[in-house]
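Asks: In the numbering used here, each residue carries its 1-based index in the sequence shown increased by 380. By construction, the Cβ of each residue, glycine as well, lies at the ideal position given by its N, Cα and C atoms. I'd like to ask you about the structure that follows.
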Amino acid sequence: MASQGSGSIILFSSIRSVVVEPGQSMYAATKAGIVQMVRVAAAELGPSGVRVNAIAPGVIDTPLTAPIKDKPAWYSAYADRNIFKRWGGAREMAGPTVFLASEAASYVTGTVLFADGGWTAIDGRFTPPGM
């Protein structure tokens, strides 16, 4: 890509790069590492015309998450942590990916697009009783 003077590299991170869940330290560390790798690669490859970005999904219904989905209490707990009160679908990651790969994102590099149903927007919110 650098030799041709253009291109778009898209990596997948996760909401776990910025929000915590007990028992997920190794997963979170690798996803945060991807964010830093995106930033460094964008700085290194940008002068050659290559854009580097990441998508950070929330909880997505995939074979990897099937064991969680099979436990109704866990499924609901994860769904309730985002604005839409549902899990995302793998197909819902296509739009952000196509956007970052397209010329519509020609001035976007070194960033993370959170496709998380608003999880990170409302993480840590406090809703007073009666609201």
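Nearest-angstrom Cα distance between Val478 and Met417?
Replies: Taking the first residue of the sequence shown as 1, we reach residue 478 at position 98. Taking the first residue of the sequence shown as 1, we reach residue 417 at position 37. Each residue's alpha carbon lies about 21 Å from the other.
Asks: State the DSSP-derived secondary structure class of Ala434, mapped to helix, strand or coil.
Replies: In the sequence shown, the residue the question calls residue 434 occupies position 54. Ala434: strand per DSSP, three-state reduction.
Asks: Pull up the CB-CB distance for Ile395 and Ala436, whole angstroms please, since I reckon it's below 8 Å.
Replies: Position 15 of the sequence shown holds residue 395. Position 56 of the sequence shown holds residue 436. 6 Å between Cβ atoms; contact.
Asks: Smallest Cα separation from Pro427: which of Pro476, Arg471 and Ser386?
Replies: As a working note, residue 427 is residue 47 in the sequence shown. Answer by Cα proximity: Ser386.
Asks: Secondary structure at Val492, three-state DSSP: helix, strand or coil?
Replies: For the purposes of this step, residue 492 is taken as residue 112 along the sequence shown, with counting starting at 1. Strand, per DSSP.
Asks: Can you tell me whether DSSP reads Ile463 as helix, strand or coil?
Replies: Within the sequence shown, residue 463 is the residue found at index 83, counting from 1. Coil at Ile463, not helix or strand.
Asks: Under 7 Å Cβ to Cβ from Thr500, same chain only, skipping five residues before and after it: list those, please.
Replies: Here the question's residue 500 lines up with position 120 in the sequence shown. Result list for Thr500: Ile395, Val398, Val399 and Phe494, in chain order.
Asks: Among Ala409, Ala446, Met381 and Tyr407, which has the Cα closest to the Cα of Gly468?
Replies: Along the sequence shown, read from residue 1 onward, the residue named residue 468 stands at position 88. It is Ala446 whose Cα lies nearest to the Cα of Gly468.
Asks: Is it right to say Ser456 is buried, meaning 16 or more other beta carbons lie within 10 angstroms of its own, or is it exposed?
Replies: The count along the sequence shown starts at 1 and reaches residue 456 at position 76. Flag for Ser456 reads exposed.
Asks: Would you call the CB atoms of Val430 and Ala382 closer than 7 Å?
Replies: For the purposes of this step, residue 430 is taken as the residue at position 50 of the sequence shown. For the purposes of this step, residue 382 is taken as the residue at position 2 of the sequence shown. Their beta carbons are under 7 Å apart, which means Val430 touches Ala382 by this criterion.
Asks: Taking 6 Å as the limit between beta carbons, can you name the residues of its chain near Val439, skipping five residues before and five after?
Replies: In the sequence shown, counting from the first residue as 1, residue 439 sits at position 59. Answer for Val439: Tyr458 and Trp467, listed in chain order.
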